Structures are given as C-alpha cells and as structure tokens.
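All residue numbers for the sequence shown refer to my numbering, where the first residue is 1 and numbers rise by one. These notes are about the structure you will find just below.
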Amino acid sequence: MSQISHDRLLIIDFGSQVTQLIARRLRELNVYCEIHPYQKVTDALLKEIAPRAVIFSGGPDSVTRAGSPRPPQAVYDLGVPILGICYGQQVMMQDLGGKVEAGEHATAEFGRAWVTPTGLESEVIEGWFTDGAGRAQVWMSHGDHVSEIAPGFEVLGTSPGAPFAITADRARRFYAVQFHPEVHHTPDGKRLYENFVKLAGFKGDWTMGAYREEAIAKIRAQVGDKRVICGLSGGVDSSVAAMLLHEAIGDQLTCVFVDHGLLRQNEAVEVVSMFRDHYNIPLIHADESELFLGELDGVSDPETKRKIIGRLFIDVFQKHANEIEGAEFLAQGTLYPDVIESVSFSGGPSVTIKSHHNVGGLPEKMGLKLVEPLRELFKDEVRALGRELGLPERFIGRHPFPGPGLAIRCPGEITREKLEILRKADAVYIDQIRKHGLYDEIWQAFVAILPVRTVGVMGDGRTYDFACALRAVTSVDGMTADYYPFSHDFLGETATRIINEVKGINRVTYDITSKPPGTIEWE
Ligand code: XMP
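And the structure:
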C-alpha cells in the first residue's frame, strides 16, 4: 500500500491505450492519482484508497457484451465525483439505467469532432466554449454509443456524431464524456480535468517539494540504521534515486558504478567526479572493462551480447556489493510506468524483441530488500525531483542511454578500436546537436558504427574505413519513435566534421527508420 498522505484520485483502467495520459494530466495539476485495472478494484481497495474522486478510463471492449469490464457497484455509493471517459461513459450509463448501442449501426466515430454546448451550466465545463467560436474541438474514438442517458443525467454538450458528448448528473456530481479529454487532440481537455478536480475539492498539493520531504521520511522509516546499496548507471533515474537516498540516510548509502568499458566519451570520469567528489556520496567505481570486453571478444549475435553483459553485470555488482558490510537494502530507480499493471485483453505473452538489461532477480539472490523511492513518479516528475535536489540541468536533461551501452551500437563484433572510433564520432555528433540548439527537441541521439568498411578518397589518397550511421528520434516514451527531420545543412556539416575529426570513419549515413518497424537502438 502506498503511504502517500495526499488526497487521492482513483483511475479505474478499462484498458484504453491512453489511460496513462489521464494520470499525466492530473499530475500536471498537482493531483495525486493511482491507476488500477478494473479487475483489481474491489470494495476493499476502494476503502483502502478512499479516493476523493474517481475516473473511469476508456477501453476497447463493448458494454453490450456479457461479461464486459465493470467497476464494483460500491464505487457509485462512495459519494464522490466520478468522471467517465468514452467506454467509461458507456459503463456509467449502462450501470445507472441508461442504454448503450453496439457499433454495428454506423455509430463509430474516430478522429476530430466539435462539441457545442446545450446551454446548461456546470462547473465541469466552466471556461469551455468561451473562445467565441461557440464550440470546442475534441478527439473521438468509439465504436459503441450511448443511445439513452441514465435517469438524473442531463446533456451539457453535443457533437454531430455524439448527441451525448458531455453529460452530467449534477446532483450526484457524476460526469461522463464520449471523447478523450486527455489526448493532445482535445486542445482544451486539460481544463475539463482542472474543473473536475476543483469541484472534487483537490488542493493541488502534489508538488515535488512535498514529495521530496515525504520520500525522505519514508526512506528513513524503511531503512532505519541499516546500509543501502545503489547501483548507479549515470542515467537520470538511478542518479536521482541516489541523491534522494543520500539526503535521507547520508553515509549509510554506498553507490556502485559498474564500468563495463562500453560507456561514452568521458562518461565514467564525469559520473565518478560528480557523485564522489562533488556530492560526497560514497561510491565504488568498479572498472571491469577488461572482464566485459574479454568475454565479448568475437561475439556478434545481439542477444548473446545482451545476455553476456546482463550476466556479468549481476556478478560484478554482487561481488562489489558483498564488500559493503551489513547491507540489507538495494535501491532501484523503478518508475511508475513500470509499476502500473496494465489491463491486457490479448491474454498471451508478448514477444521478446530484446532482452532488456536490468538487475532483476538480484535482490532475492543476495537476500536484499528493495528500496524504490521513485515508484510513484513518471519520468518528467523524476526530472523535476532531480532539479529540486540540485542536480545540474545538463545532467537531468540527458538522453536515455541503454544498460548494455555501446555494445548495442556496434553491430557485429566489438573491438576496442571500433569502440574508440564510435566514442569520438558520437561526441562530435552530440556536440553538433547541442551547438544547433536541438538537444532538448530530440528524445535520443547517437552514432552506431557499422560492421562494414567502404572506400573513400581523402586528399589524393584512397581510404578504406568504417561507415557509421547517425540516429536521432523523437518519442514520448521510447515505445514508438519517429526519426528527427534534421536539415540537409545540418547533416552535411555533421558528416564533414565527423570525417575530418574522427580517424577511422570515411562515410556517414543518416538512419530514417521509425519505430516500428525499426527499433531505436540498432541491436
Ligand atoms: P529500442 O531499441 O528497444 O529502445 O527501441 C527503446 C529505448 O530503450 C533503451 N534500451 C535499453 N535501456 N537497457 C536499458 O536500460 C536495455 O537493455 C535497453 N535496450 C534499449 C533504448 O536506448 C531506447 O531509449
């Protein structure tokens, strides 16, 4: 159970692709919310969470189908405001005595629509329809539709395809909308959430300052006077976790930084000097590059590389952690999206595209208990907390870097020579991106060195050197991505710089594959 003392909003997830966006919108309003799949929302959970308001998410099922997802009846008796979205609206109508019709009657609606007000007033639509146009743009995505609203409900807004686009039972403070206010394509959607949480009485006290204080108190209560080990990767999550822990328990914390020899230029030096020298956090710098590069010698299969790195990482981490006497806890930078149990309608296990590198299984093997101080946060909240803790902006805004490091940016066999060339090319590329002010627009950018040499001509001589690929993508969460549309001038200038400044590369290409069908990394 969470120990958060703020007023809570419960989001009941019926399996929409965008449920997490509802949580994002609410967190932006400084409201603490939790997402729970509908199957897990029992009367006991309702009592435990004691929400100040509830939101029903959208979902892919049809309420007209027997056995379709429902909330427990008790939710309607809590006496708190409820907002139903799309499938959530249909559930609410059906449960409370209205009617929903299935999609066969050409009632499906996908995409942009305009809602016009009926003239009935309600706090929930305050500030909407005020731009002079008399209508608001919304995003619809539904197959079924409500054909009769439940007793007690009135219509506040309609659209050509959805006569019950916005409905409300003003006495019970139940609201239900057919569209998705959480998505970007409903430009004024945030206001609907703002009005909803305001009428529910939320104070908007979920701030990073408050979170920091509470997290520190929780860590102290959990850890007592015991020692904690934290694996530091140099990434934002583990760094923020380490800073927070250090503030909470000082020298009871020891960080272990495993240097696998697959880091970027100057990375090890920067991480060690920042944490050990600047912040005085006890840090073991485990330089194990010989071991990793030795075992990777001659290996070219991507999954084999990942497995070797994952196994060695755990061995090495364990070896160094064993040297820390009396350690009882292992700190991890787990984030909220990793914790949310998503509703799965497909049932089957998903295909493994890549074996991700993590330290799963380690705590049990070592007999350690877990401390996860970021479990309630989204990525951008972790960044905000990092700022609150005084981590430099340049560090907080860093692009993600994968656990297996440069190994997966070096398709084919890994050699020290290739790694050295890759480091230099990557440094030039990132320097270019920063110089052109593009770094923060890009989710992730890096160079991959290709397992191919090509012929070139420099001066009057023939060259036979490596080709490399530049990668830059925009993304929200790394699950899907688009390539970044650099200008030709930028690409030309960068290629020239890399070829001039990095010995060993004579050809530069730009990867314009999105994800899917590609992945962000090359392996
Ligand atoms: P892909 O290549 O799967 O990557 O599109 C999506 C995001 O995940 C990062 N990535 C990893 N991160 N351990 C990590 O911590 C890994 O094993 C790993 N593999 C990929 C990748 O850099 C991108 O941000």
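All C-beta atoms in this analysis are idealised placements derived from N, C-alpha and C, irrespective of residue type, glycine included. All of these numbers come straight from a predicted model, not from anything done at the bench.
Any non-hydrogen atom of the ligand XMP closer than 7 Å to residue i Cβ
i, result
"Glu521", "yes"
"Ile353", "yes"
"Gly397", "no"
"Gly231", "no"
"Gly437", "no"
"Pro402", "yes"
"Gly478", "yes"
"Lys307", "no"
"Lys226", "no"
"Lys515", "yes"
Which of helix, strand or coil DSSP assigns to residue i
i, result
"Asn506", "strand"
"Arg264", "coil"
"Gly15", "coil"
"Leu391", "coil"
"Gln137", "strand"
"Ala150", "coil"
"Val476", "coil"
"Val80", "coil"
"Pro282", "coil"
"Gln89", "helix"
"Gly157", "strand"
"Asp144", "coil"
"Asp277", "helix"
"Pro485", "coil"
"Ala168", "strand"
"Pro402", "coil"
"Pro517", "coil"
"Glu288", "coil"
Whole-angstrom distance between residue j and residue i, CA atom to CA atom
i, j, result
"Lys515", "Phe486", "17 Å"
"Gly132", "Thr116", "12 Å"
"Gln89", "Trp128", "20 Å"
"Cys230", "Glu328", "11 Å"
"Thr118", "Asp169", "15 Å"
"Gly67", "Pro60", "13 Å"
"Ala74", "Ile55", "14 Å"
"Ala407", "His278", "29 Å"
"Thr454", "Arg383", "42 Å"
"Asp315", "Met479", "29 Å"
"Ser16", "Leu283", "43 Å"
"Val452", "Ile505", "10 Å"
"His185", "Asp297", "50 Å"
"Val371", "Asp144", "44 Å"
"Ser5", "Gly79", "20 Å"
"Ile11", "Ile340", "11 Å"
"Phe345", "Val41", "Annotation note: pLDDT 46 at Phe345 (below 50); position unreliable, coordinate value reported separately. The straight-line gap from Cα to Cα measures roughly 17 Å."
"His285", "Val271", "10 Å"
"Glu62", "Tyr87", "It should be pointed out that residue 62 corresponds to Ser in this sequence rather than to Glu. Going from the Cα of Ser62 to the Cα of Tyr87 covers about 8 Å."
"Gly461", "Asp440", "39 Å"
"Pro517", "Tyr484", "16 Å"
"Gly235", "Val269", "14 Å"
Proximity of residue i and residue j at Cβ, strictly below 8 Å
i, j, result
"Leu312", "Leu335", "no"
"Leu83", "Tyr211", "no"
"Val124", "Phe196", "yes"
"Gln432", "Met366", "no"
"Ala481", "Ser475", "yes"
"Val146", "Gly98", "yes"
"Asp237", "Gly333", "yes"
"Val183", "Thr167", "no"
"Arg70", "Asp43", "no"
"His566", "Val256", "With the chain covering only 1 through 523, there is no way to say anything about residue 566."
"Leu491", "Tyr510", "yes"
"Ala23", "Glu109", "no"
"Lys529", "Arg409", "With the chain covering only 1 through 523, there is no way to say anything about residue 529."
"Ile281", "Ala248", "no"
"Ser239", "Phe378", "no"
Buried versus exposed call for residue i [16 or more other C-beta atoms within 10 Å across all chains shown]
i, result
"Gln20", "buried"
"Tyr193", "buried"
"Gln39", "exposed"
"Arg507", "buried"
"Gly209", "exposed"
"Tyr32", "buried"
"Ala425", "buried"
"Arg471", "buried"
"Tyr429", "buried"
"Pro404", "buried"
"Glu288", "buried"
"Asp259", "buried"
Distance cut-off 7 Å: residue i Cβ against heavy atoms of the ligand ADP
i, result
"Gln444", "Summarising the ligand content, the structure contains the ligand XMP and does not contain the ligand ADP."
Chain B contact for residue i (CB, 8 Å cutoff)
i, result
"His320", "The structure shown contains no chain B; it is built from a single protein chain."
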